[in-house]
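Residue numbers (the working numbering): 18 to 258. For glycine and all other residues, C-beta sits at the position ideal for the given N, C-alpha and C. To keep things clear, I will list the structure first and then write my remarks on it.
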Amino acid sequence: MTILDELAAYARERTEQAKKKIPLEEIRRQAMSLPKGNFAFEKALKKPGISFICECKKASPSKGVISSGFPYVQIAKDYEAAGADCISVLTEPKWFLGRSEYLKEIAGTVSIPCLRKDFTVDEYMIYEAKVLGASAVLLICSILREEELRQYIEICDGLGLSAFVEAHDEKEVKAAVRSGARIIGINNRNLHDFSVDTDNSIKLRRLIPENVLFVSESGISSAIDVAKLREIGADAVPMRC
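The structure is reproduced here in structure tokens:
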């Protein structure tokens, strides 16, 4: 079992536990009772030039603990003050040491859109993200069947949330396009073994239609990297300070 398999399996366990506290029907009711979103996340990525999605992340499987104190609300406020277009908030608790409360507090504090970055394996997590204040959710092609991807995008559309669809190879990009993704992130990191190939985005760029937002993820560490991605038409990149 790869790390990605373990992350997905644990996400299913977490979701089943969450359903015991708040059933699917109730979390759906709560989400649907909120005003429909205006797809603020994707609107933020459509501005001229390259947009920056700044990450609030306490830890990761590849780097371990990144920020031991982790003043997440202050980090988010600093990102907004520095000109970030969106904020990505990790809520996965075991490997990334995230919490749903991080997203709720950050989304309630900043005025820019927030992405719930987690391993979405059930529609429950989408409704939960809406209730927590997210403007977008992450959908990873590697852990979802194409019919699930299409279904989850439709649920996002109904809530006014942006679906950030992440792909790593040609097969996954094509599945994302067929599913109606309006934002496709090319992950330069292979989530099965966590190796990084920064040219992955360049190789797969040709498969993404011009009317679909293109985001390059992982392995971006310098202004030169950003400039190279801008040349091939990247609309946004994630950054962590």
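- Annotation for Ser-196: no alpha helix (DSSP H) segment contains it, and DSSP assigns it neither H nor E.
- In the structure shown, the three-state DSSP call for Ala-76 is strand.
- In the structure shown, Ser-179 adopts extended strand secondary structure according to DSSP, grouped into three states.
- In the structure shown, Leu-230 adopts extended strand secondary structure according to DSSP, grouped into three states.
- Asp-252 is a Cβ neighbour of Leu-62, given a cutoff of 8 angstroms.
- Every alpha helix (DSSP H) of 4 residues or more that sits fully in the region 106 to 171 is shown, in chain order, as 117 to 124, 140 to 149.
- Here Cys-158 is near Val-182, since their CB atoms are less than 8 angstroms apart.
- Taking the CA atoms as reference points, Gln-47 sits about 10 angstroms from Ile-39.
- Between Leu-41 and Ala-244, the alpha-carbon positions lie close to 44 angstroms from each other.
- Taking a contact as a CB-CB distance under 8 angstroms, the pair Ser-152 and Ser-179 counts as one, their CB atoms being some 6 angstroms apart.
- Counting only residues of its own chain and dropping the five nearest sequence neighbours on each side, Leu-114 has a CB closer than 6 angstroms to the CB of Lys-75, Ala-76.
- In this structure, the CA atom of Ala-184 is about 7 angstroms from the CA atom of Ile-201.
- In the DSSP annotation of this structure, Met-18 is not part of any alpha helix (DSSP H), being labelled neither H nor E.
- In the assembly as shown, Gly-150 is a buried residue. Its beta-carbon has 16 or more other beta-carbons within 10 Å.
- Excluding sequence positions up to five before and after Val-148, its CB lies within less than 8 angstroms of the CB of Ile-44, Gln-47, Ala-48, Leu-51, all in the same chain and listed in chain order.
- For Ala-240, the enclosing alpha helix (DSSP H) covers residues 240 to 248.
- Exclusion of the five residues before and after Asn-204 leaves Glu-183, His-185, Glu-234, Ser-235 as the residues of its chain whose Cβ lies within less than 6 angstroms of its Cβ.
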